[in-house]
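Here the structure comes first, spelled out in structure tokens, and everything after it is commentary.
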């Protein structure tokens, strides 16, 4: 085997072509090399060590990439079925509102409109008794994630916050994170819990985030909010884990009357873990 052929064979192995057995220059058997990317692929969903077909990556990898891209686009552009979501939130009371963005295209081009409440939605929030905590659910940039997971997450959060008075759950369309502050301030809530669809990626397109703000009002800065992100069932935080973290942060925020960078997430690991989960992972 020439040196070039030998290097090509090693390159094929490094790119995931499998463990090939070759002859050494002296005629002996060369030990087969394991795929060097195999262990790393078990630790991350990222696209690594895809292999190649000639000068291109394999067709399967190309099709999987295109499928993931299509899922991400659908997550951004699909409309949230608010009626179905409200049915999933029962028996919790719900109110439906909209942001100032009249449609999805405007929402994507004008983020500022997604942060303010539509004038016709003000009446829906009027004459409600004040509550300590307002939970708002908005489609954000992943209506797919909200449709699939928001109801379970809200129920878990409501159970974790059972010791506080809760306003009716507000379901908002074309909503950005700051819309929660406008809604919660009109409800007279001391704390806003904003559940929103996160920007989709090529690995996960249905992730949710929770934004916690003490003393919500229009004009609050991002630094004044705490964020719990990456909530989804495919390797992210479970609804139970996110709810427990929210419960700890909410209690601390109300006790200390702060949120954002002033409120550090010092929640003990034992409280964040799923019941029965060992704190140390096996080697």
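Residue numbers (full-length UniProt numbering): 1 to 283.
The beta-carbon is built from N, C-alpha and C at its ideal position, and this holds for glycine as well.
Residue i lies in the alpha helix (DSSP H); which residues open and close that run?
i, result
"residue 106", "104 to 109"
"residue 62", "59 to 77"
"residue 41", "38 to 41"
Please state the DSSP three-state secondary structure of residue i.
i, result
"residue 142", "coil"
"residue 164", "coil"
"residue 21", "Residue placement at residue 21 cannot be trusted, given a pLDDT of 48 that sits under 50; the coordinates are not used to answer."
"residue 219", "coil"
"residue 309", "Residue 309 is absent from the structure shown; the chain starts at 1 and stops at 283."
"residue 187", "coil"
"residue 263", "coil"
"residue 253", "helix"
"residue 82", "helix"
"residue 247", "helix"
"residue 154", "helix"
"residue 7", "Confidence at residue 7 is low in this model, with a pLDDT of 42, below 50, so its placement is unreliable and the value that follows should be read with caution. Residue 7 falls in the helix class under three-state DSSP."
"residue 117", "strand"
Closest by CA to residue i, which one among the options?
i, options, result
"residue 144", "84, 220 and 183", "84"
"residue 196", "175, 70 and 245", "175"
"residue 167", "159, 157 and 187", "187"
"residue 107", "205, 172 and 46", "172"
"residue 241", "152, 170, 225 and 204", "152"
"residue 223", "58, 148, 177 and 49", "177"
"residue 210", "221, 243 and 235", "243"
"residue 229", "82, 239 and 221", "239"
"residue 220", "116, 87 and 165", "116"
Cβ of residue i within 7 Å of Cβ of residue j?
i, j, result
"residue 161", "residue 133", "yes"
"residue 192", "residue 213", "yes"
"residue 202", "residue 61", "no"
"residue 121", "residue 150", "no"
"residue 154", "residue 89", "yes"
"residue 194", "residue 261", "no"
"residue 72", "residue 95", "no"
"residue 185", "residue 217", "yes"
"residue 131", "residue 182", "no"
"residue 157", "residue 246", "yes"
"residue 113", "residue 100", "yes"
"residue 237", "residue 253", "no"
"residue 80", "residue 139", "yes"
What residue does the beta strand (DSSP E) around residue i start on, and which one ends it?
i, result
"residue 94", "94 to 98"
"residue 128", "Here residue 128 belongs to no beta strand (DSSP E), and DSSP marks it neither H nor E."
"residue 46", "No beta strand (DSSP E) contains residue 46, which DSSP labels as neither H nor E."
"residue 225", "225 to 231"
"residue 208", "208 to 214"
"residue 172", "169 to 173"
Assuming the contact rule is C-beta atoms closer than 8 Å, residue i and residue j should be a hit. Round their C-beta distance to whole Å, please.
i, j, result
"residue 200", "residue 141", "7 Å"
"residue 75", "residue 205", "4 Å"
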